[in-house]
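I have placed the structure first, in the form of structure tokens, so that the comments after it can refer back to it.
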Amino acid sequence: MTILAETFRLLGDPTRLRILLFCLNVPKAVGDIAESLGLSQTLVSHHLRLLRGARLVRGERQSRQVFYQVADAHVSDMLIDMASHIGEDHSED
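Counting along the sequence shown from 1, when you hit position 53 you're at 53 in UniProt numbering, and nothing is skipped either side.
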């Protein structure tokens with residue numbers, strides 16, 4: 001249960017969510033993530049280290065760069081499902 005709580009704590013950070021969503025479909029280099037999201041490379045690297053430690057992203061080295069993407073279908077499905085859920089009409093709730 002502790003690991004699950006820690007995972008949701010990591011996902012509760014808006015910057016980490018933006019990074020995950022940006023890396024959802026195509027692997028991205030740290031510099032590309034930083035530039036597209038308007039963040040420093042140092043900050044992006046910090047968040048990626050945390051996300052990687054929680055197995056939410058994976059990195060693949062290609063030459064001198066590491067490209068990051070969402071770790072697997074479980075993570076991407078959860079992100080897509082949650083985005084869909086919050087977009088639903090809940091006016092009757």
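By construction, the Cβ of each residue, glycine as well, lies at the ideal position given by its N, Cα and C atoms.
Cβ of LEU24 within 8 angstroms of Cβ of SER76? If you number the sequence shown from 1, residue 24 lands on position 24. If you number the sequence shown from 1, residue 76 lands on position 76. Yes.
Quick check on ALA83: does DSSP put it in helix, strand or coil? Mapped onto the sequence shown, residue 83 falls at position 83. In the three-state reduction of the DSSP assignment, ALA83 falls in the helix class.
Backbone CA spacing between ASP13 and SER63 [nearest angstrom]: Along the sequence shown, read from residue 1 onward, the residue named residue 13 stands at position 13. Along the sequence shown, read from residue 1 onward, the residue named residue 63 stands at position 63. If you take the alpha carbons of ASP13 and SER63, they lie about 31 angstroms apart.
Which residues DSSP lists as bridging ARG9, in chain order: Reading the sequence shown from its first residue, position 9 is the one you call residue 9. In DSSP, ARG9 forms no bridge with anything.
For PHE67, write down the residues that DSSP places opposite it in a beta bridge. Along the sequence shown, one-based indexing puts residue 67 at 67. Answer is ALA29 and GLU60.
Check for me: the alpha helix (DSSP H) holding ARG18 runs from which residue to which? Indexing the sequence shown from 1 puts residue 18 at position 18. ARG18 -> alpha helix (DSSP H) spans 14–22.
Taking only the alpha-carbon atoms, compute the straight-line gap between GLY31 and ARG61 and give it to the nearest angstrom. Along the sequence shown, one-based indexing puts residue 31 at 31. Along the sequence shown, one-based indexing puts residue 61 at 61. Roughly 14 angstroms between the two C-alpha positions.
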